[in-house]
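Engineer:
There are 2 protein chains.
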Amino acid sequence: MQSSANSGAPTGSRPSTGSRPSAASRSAAGPRSASKILGAARDVLARQGYAALTIEAVAATAGVGKSTIYRWWPNKETLLADALAEIFRGDEIPDLGDTRAELRRAVDMTIDNYANEDLATALPALAAGLLPNPELMAGFREGFLRRKRENIAVALRRGVARGDLPADLDTDLVQDLWAGTVLYRRLMVGASLDDNLAERLVDLVFASASALTVGTATPD
Amino acid sequence: MQSSANSGAPTGSRPSTGSRPSAASRSAAGPRSASKILGAARDVLARQGYAALTIEAVAATAGVGKSTIYRWWPNKETLLADALAEIFRGDEIPDLGDTRAELRRAVDMTIDNYANEDLATALPALAAGLLPNPELMAGFREGFLRRKRENIAVALRRGVARGDLPADLDTDLVQDLWAGTVLYRRLMVGASLDDNLAERLVDLVFASASALTVGTATPD
DNA sequence: CGGCAAACGATACGCGACGTATCGTTTCGT
DNA sequence: ACGAAACGATACGTCGCGTATCGTTTGCCG
């Protein structure tokens, strides 16, 4: 589980520790309880579901005062964002020598992330909560999405290098397609996320090279 | 705007009026204020945003007592579901004689629905709120999604009949692809929903017929 | 080793929203 | 004109957010 390598400082827009890593030689303060708190958030989510995921429940579960949480995260959303960033997987895709196998792995990873109902609930709820606040939303995208997407983009580019995918493949659109379809099915339609879906989403990329390139769709 | 033809009884699991449309000739009790309330919900959403969309705000805007709302909708989610069902468009696609033009119109309609930030926020927030309650979620899918999707499926089937699309096209998957990508871009990525995107999503269906059929993806 | 500042836990508070309950009033069909 | 259904107002209990206060623990630095 490499995506949770960071168990450190919260990203709650009040950087405290992380912001001046060089200036003050020592001390400079920092949370002693961040990992305990994020762990408790995971716990509450897993055991009692998203609806029960309140700051007060997390504080109680972590054996921590509410004030400690609010000292490091400005609000519920930022805490939840940090907790989800640790839960959702977005690992690097190893070089398997086989483009199709790598892409299948990328899709499977997305599907796994949504397998749990509480995760599938928490992510859109969080995103919707963040949307009206551009600053928080930007932080969320940076901390939550960027790395995962880049890891998959690397695999896509390997496929391009192998000649299996078109040189001007739009790696962003491909990922939006995958992740969007999976999210939409899970959240809105309630359809199953099975092997068949995964396989077809991979097929799609191979079958529709012309529509997934970065150029304009219909050059005239 | 044909999708909002129903301005009538709420779907809040307490059907009252709507459930026996034939039995009692008339009267039989029913909300006199449903349309006022749903209109107020639209109003609050449009004018003050999703965060301000509370039952009490809707009641005040509608000039209605809170109790009247709770008399017909068991909770906030069901009211919101009915309000959104009236707001989001899902019209029939007219027969234009041109498959590509019809599909483009379908995609544009989805994009339009998400153009407004409050709508783009409200829908995933609502869906996430309903997800833990299967009964409410089922009602929402029935009342909100089914007609819109069927209208688009009709256009897709016309394309099949014209020979422009493969006979075993998976019309559900196609729609998940479109709607999912648009939702994901809007909600998670923050990317623009422009003509280029619409055009490429339409292209995708034409270019990847083999991956979008109802059969198994990889027959062996 | 002693001191000090940061981090901490507890607790109380104000606020707003949900959802319930009560009650007198209006509407409307018969 | 009557009565039932729908209504509006209002008060209430509960819960969770986020703030504020305060005394206590921790651990680094001299």
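Chains as they are written, first to last, in the numbering used here: chain F, 321 to 540; chain E, 321 to 540. Note that beta-carbon positions come from the ideal geometry of N, C-alpha and C, so glycine has one too.
(1) With three or more C-beta pairs closer than 8 Å as the rule, is the segment 419 to 438 of chain F touching the segment 362 to 371 of chain F?
(2) What ranges does the alpha helix (DSSP H) occupy inside the segment 507 to 532 of chain E, keeping only unbroken runs of at least 4 residues that lie completely in it?
(3) Use the C-beta contact count for F/Ala410: other C-beta atoms within 10 angstroms, 16 or more gives buried, fewer gives exposed.
(4) Just to check my reading of the structure: E/Ala487 and E/Arg424 have Cβ atoms closer than 8 Å, yes? What is that Cβ distance to the nearest angstrom?
(5) Using CA atoms only, rank isn't needed, just tell me which of F/Val522, F/Ala527, F/Arg520 is closest to E/Asp523.
(6) Is there contact here, the segment 469 to 482 of chain E with the segment 417 to 432 of chain E, by at least three beta-carbon pairs under 8 Å?
(7) Out of F/Ala458, F/Ser355, F/Thr331, F/Glu406, state which residue places its alpha-carbon closest to the alpha-carbon of F/Asn395.
(8) Out of F/Ala377, F/Val494, F/Ala448, which one is the CA nearest neighbour of F/Glu470?
(9) What three-state label does DSSP hand F/Leu404 in the structure shown?
(10) Tell me whether the beta-carbon of E/Ala360 lies closer than 8 Å to the beta-carbon of E/Ala382.
(11) Closest to F/Pro414 by CA distance: which of F/Ile472, F/Asp432, F/Ala442 is it?
(12) Excluding five sequence neighbours on each side, which residues of the same chain lie with their C-beta closer than 7 Å to the C-beta of E/Val384?
(13) Answer yes or no: do F/Thr501 and E/Leu497 have a C-beta to C-beta separation smaller than 8 Å?
(14) Starting from E/Gly479, follow the alpha helix (DSSP H) in both directions and report where the run begins and ends.
(15) Taking 8 Å as the CB-CB limit, is E/Gly463 close to chain F?
(16) So, with DSSP's three-state summary, where would you put F/Leu489?
(17) Give the straight-line distance between the Cα atoms of E/Pro444 and E/Asp428, rounded to the nearest whole angstrom.
(18) In whole angstroms, what separates the C-alpha of E/Lys386 from that of E/Glu376?
(19) How is F/Glu397 classed by DSSP in three states: helix, strand or coil?
(20) Is the Cβ of F/Ser336 closer than 8 Å to any Cβ of chain E?
(21) With a CB to CB cut of under 6 Å and the five nearest residues on each side skipped, what residues in its chain are close to E/Thr419?
(22) Between E/Leu400 and the rest of its own chain, which residues show a CB-CB distance below 6 Å, the 5 nearest in sequence each way excluded?
(23) Going along chain E, which residues have a C-beta under 8 Å from F/Ser528?
(24) Suppose you measure from the CA of E/Val534 to the CA of E/Arg362; what does that come to, to the nearest Å?
(25) Quick one: does E/Arg520 have its CB under 8 Å from some CB of chain F?
(26) Could you tell me whether the Cβ atoms of E/Tyr434 and E/Leu503 are closer together than 8 Å?
(27) Please list the residues of the segment 416 to 441 of chain E that have a C-beta atom closer than 9 Å to any C-beta atom in chain F, keeping them in chain order.
(28) Report the three-state DSSP secondary structure of E/Val384 (helix, strand or coil).
(29) Give the residues of chain F in contact with E/Gly459, contact being defined as C-beta atoms less than 9 Å apart.
(30) What residues of chain F sit near E/Asp496, judged by a beta carbon separation below 8 Å?
(31) Measure from the alpha carbon of E/Met457 to the alpha carbon of each residue in F/Asn516, F/Met508, F/Ser512, F/Leu373, then state which is nearest.
(32) When the distance is taken between beta carbons, is E/Gly417 closer than 8 Å to F/Arg541?
(33) Excluding five sequence neighbours on each side, which residues of the same chain lie with their C-beta closer than 7 Å to the C-beta of F/Arg506?
(34) Using a cut-off of 8 Å between C-beta atoms, extract the partners of F/Pro444 located in chain E.
Structural biologist: In short:
(1) yes
(2) 515 to 527
(3) By one-based count along the first sequence, residue 410 of chain F stands at place 90. The residue you asked about is not Ala; residue 410 of chain F is Gly in the sequence shown. Counting Cβ neighbours within 10 Å, F/Gly410 comes out buried, since at least 16 surround it.
(4) Sequence index remark: in the second sequence, residue 487 of chain E carries index 167 (1-based). Sequence index remark: in the second sequence, residue 424 of chain E carries index 104 (1-based). About 22 Å separates the two Cβ atoms, so there is no contact after all.
(5) Within the second sequence, the letter at position 203 stands for residue 523 of chain E. For E/Asp523, the nearest C-alpha among the options comes from F/Ala527.
(6) yes
(7) Position 75 of the first sequence, counted from the first residue, corresponds to residue 395 of chain F. The residue with the shortest Cα to Cα distance from F/Asn395 is F/Thr331.
(8) Here residue 470 of chain F is taken as the residue at index 150 of the first sequence, counted from 1. Checked all of F/Ala377, F/Val494, F/Ala448; the closest Cα to F/Glu470 is F/Val494.
(9) Here residue 404 of chain F refers to the residue found at position 84 when the first sequence is read from its first residue. Correct three-state label for F/Leu404: helix.
(10) Counting from one through the second sequence, the residue named residue 360 of chain E turns up at place 40. Counting from one through the second sequence, the residue named residue 382 of chain E turns up at place 62. It is a contact, given that the beta carbons lie within the stated cut-off.
(11) Taking the first residue of the first sequence as 1, we reach residue 414 of chain F at position 94. Comparing Cα-Cα distances from F/Pro414 to each of F/Ile472, F/Asp432, F/Ala442, the minimum goes to F/Ile472.
(12) Mapped onto the second sequence, residue 384 of chain E falls at position 64. Hits under 7 Å: Ser353, Lys356, Ile357.
(13) Counting from one through the first sequence, the residue named residue 501 of chain F turns up at place 181. Counting from one through the second sequence, the residue named residue 497 of chain E turns up at place 177. Closer than 8 Å, so yes.
(14) On the second sequence, residue 479 of chain E is found 159 positions in, with the first residue counted as 1. Start and end: 466 to 481.
(15) Taking the first residue of the second sequence as 1, we reach residue 463 of chain E at position 143. Not one chain F Cβ lies under 8 Å of E/Gly463.
(16) Here residue 489 of chain F corresponds to residue number 169 of the first sequence, with the count starting at 1. Strand.
(17) Counting from 1 along the second sequence, the entry for residue 444 of chain E is found at position 124. Counting from 1 along the second sequence, the entry for residue 428 of chain E is found at position 108. Taking the straight line from one Cα to the other gives about 19 Å.
(18) Position 66 of the second sequence, counted from the first residue, corresponds to residue 386 of chain E. Position 56 of the second sequence, counted from the first residue, corresponds to residue 376 of chain E. Their Cα atoms are separated by approximately 6 Å.
(19) In the first sequence, the residue the question calls residue 397 of chain F occupies position 77. Helix, per DSSP.
(20) Here residue 336 of chain F refers to the residue found at position 16 of the first sequence. Model confidence at F/Ser336 stands at a pLDDT of 39, short of 50, so the residue's coordinates are unreliable and nothing is read from them.
(21) For the purposes of this step, residue 419 of chain E is identified with residue 99 of the second sequence, where counting begins at 1. Result list for E/Thr419: Gly479, Arg482, Asp484, in chain order.
(22) In the second sequence, counting from the first residue as 1, residue 400 of chain E sits at position 80. For E/Leu400, where only same-chain residues beyond five positions count, the Cβ hits under 6 Å are Leu446.
(23) Locating residue 528 of chain F in the first sequence gives position 208, where the first residue counts as 1. Result: Asp523, Leu524, Ala527, Ser528, Ala531.
(24) Position 214 of the second sequence, counting from 1, holds the residue named residue 534 of chain E. Position 42 of the second sequence, counting from 1, holds the residue named residue 362 of chain E. About 38 Å.
(25) Within the second sequence, the letter at position 200 stands for residue 520 of chain E. Yes, E/Arg520 lies at the interface with chain F (some Cβ there is under 8 Å from its Cβ).
(26) Within the second sequence, the letter at position 114 stands for residue 434 of chain E. Within the second sequence, the letter at position 183 stands for residue 503 of chain E. Yes, Cβ-Cβ distance for E/Tyr434 and E/Leu503 is below 8 Å.
(27) Glu437, Asp438, Ala440, Thr441
(28) As a first step, residue 384 of chain E must be located in the second sequence, where it is residue number 64. Three-state result, E/Val384: coil.
(29) For the purposes of this step, residue 459 of chain E is taken as the residue at position 139 of the second sequence. Result: empty, since nearest Cβ-Cβ is about 12 Å, beyond 9 Å.
(30) As a first step, residue 496 of chain E is located in the second sequence; it is residue number 176 there, counting from the start. Residues of chain F passing the Cβ test: Thr501, Tyr504, Arg505, Val509, Ala511.
(31) Here residue 457 of chain E refers to the residue found at position 137 of the second sequence. Of F/Asn516, F/Met508, F/Ser512, F/Leu373, the residue nearest in Cα terms is F/Met508.
(32) Not covered by the structure: residue 541 of chain F. The range shown for chain F is 321 to 540.
(33) As a working mapping, residue 506 of chain F is identified with position 186 in the first sequence. Correct list, in chain order: Tyr434, Ala440, Leu513.
(34) In the first sequence, residue 444 of chain F corresponds to position 124, counting from 1. Correct list: Pro444, Ala445, Ala447, Ala448, Leu507.
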